[in-house]
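The block underneath contains the structure these notes are about, expressed in structure tokens.
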Amino acid sequence: MLAKELLNDLRAAQAKLEAAREDAASLKVLLALRTHQHDLAWQDVQRLTAELEATRARAVALEVELAEARTNAASADAAAEADERTEAVRTVRGAVLDSIGSRALDRRRFQEIIAQAGREAPTGGPGAARHAVLLTEARRVLGIPG
Numbered sequence: 303m304l305a306k307e308l309l310n311d312l313r314a315a316q317a318k319l320e321a322a323r324e325d326a327a328s329l330k331v332l333l334a335l336r337t338h339q340h341d342l343a344w345q346d347v348q349r350l351t352a353e354l355e356a357t358r359a360r361a362v363a364l365e366v367e368l369a370e371a372r373t374n375a376a377s378a379d380a381a382a383e384a385d386e387r388t389e390a391v392r393t394v395r396g397a398v399l400d401s402i403g404s405r406a407l408d409r410r411r412f413q414e415i416i417a418q419a420g421r422e423a424p425t426g427g428p429g430a431a432r433h434a435v436l437l438t439e440a441r442r443v444l445g446i447p448g
């Protein structure tokens, strides 16, 4: 009877051992799966970090390009405005030449030419600078303090 009990105890211990081995095998598989998932997540973090750094570098480069473009645009606007001012002075000079009669400046004719030039001048953009120059230079020609 003792042998039978020992045999039953041995079989029970073997069954527990087998169950423990199965649990250990399941845990090893689960650990391997979790380790693999962790590795994938870590690789994703590394890849996304590299992409973020590349995106930040590109953003900085784009900001530099934008600043350069703004500078170039400002320079182009300043040049265009200077051209418009020059054109306005030419218009005033042309009006003076067209208004000079046999003895003196025909003030009425001069004012008509300047008024027409003012109506034809653009009201927006660099061309808008013409208005101020036309007014200033016409006053100077007419001797009006301004």
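Using this note's numbering, the first residue of the sequence shown is number 303, and each one after it goes up by one.
Backbone N, C-alpha and C define an ideal beta-carbon position, used for all residues, glycine too.
Buried or exposed (CB count within 10 angstroms, at least 16 for buried), residue i
i	result
I402	exposed
L304	exposed
R336	exposed
V366	exposed
Among the options, nearest to residue i - alpha-carbon criterion
i	options	result
R411	E353, G396, G427, E389	G396
L399	A371, A380, Q339, A440	A440
V391	L368, L436, E367, Q413	L436
V394	L444, T373, S404, K330	L444
R409	L332, T373, A343, I446	I446
CA-to-CA distance, residue j to residue i, given in whole angstroms
i	j	result
A430	A423	7 Å
Q418	A363	48 Å
Q348	A359	17 Å
R432	A382	11 Å
I415	R442	15 Å
A375	E386	16 Å
L350	A371	30 Å
For this session: Within the segment 314 to 363, note down every full beta strand (DSSP E) run reaching 3 residues or more, in order along the chain.
Result: Inside the segment 314 to 363, DSSP marks no whole beta strand (DSSP E) run of 3 or more residues.
Exercise. Hey, which unbroken runs of the beta strand (DSSP E) at 3 residues or more fall wholly within the segment 355 to 419?
Worked result: Taking only runs of at least 3 residues, no beta strand (DSSP E) segment lies wholly in the segment 355 to 419.
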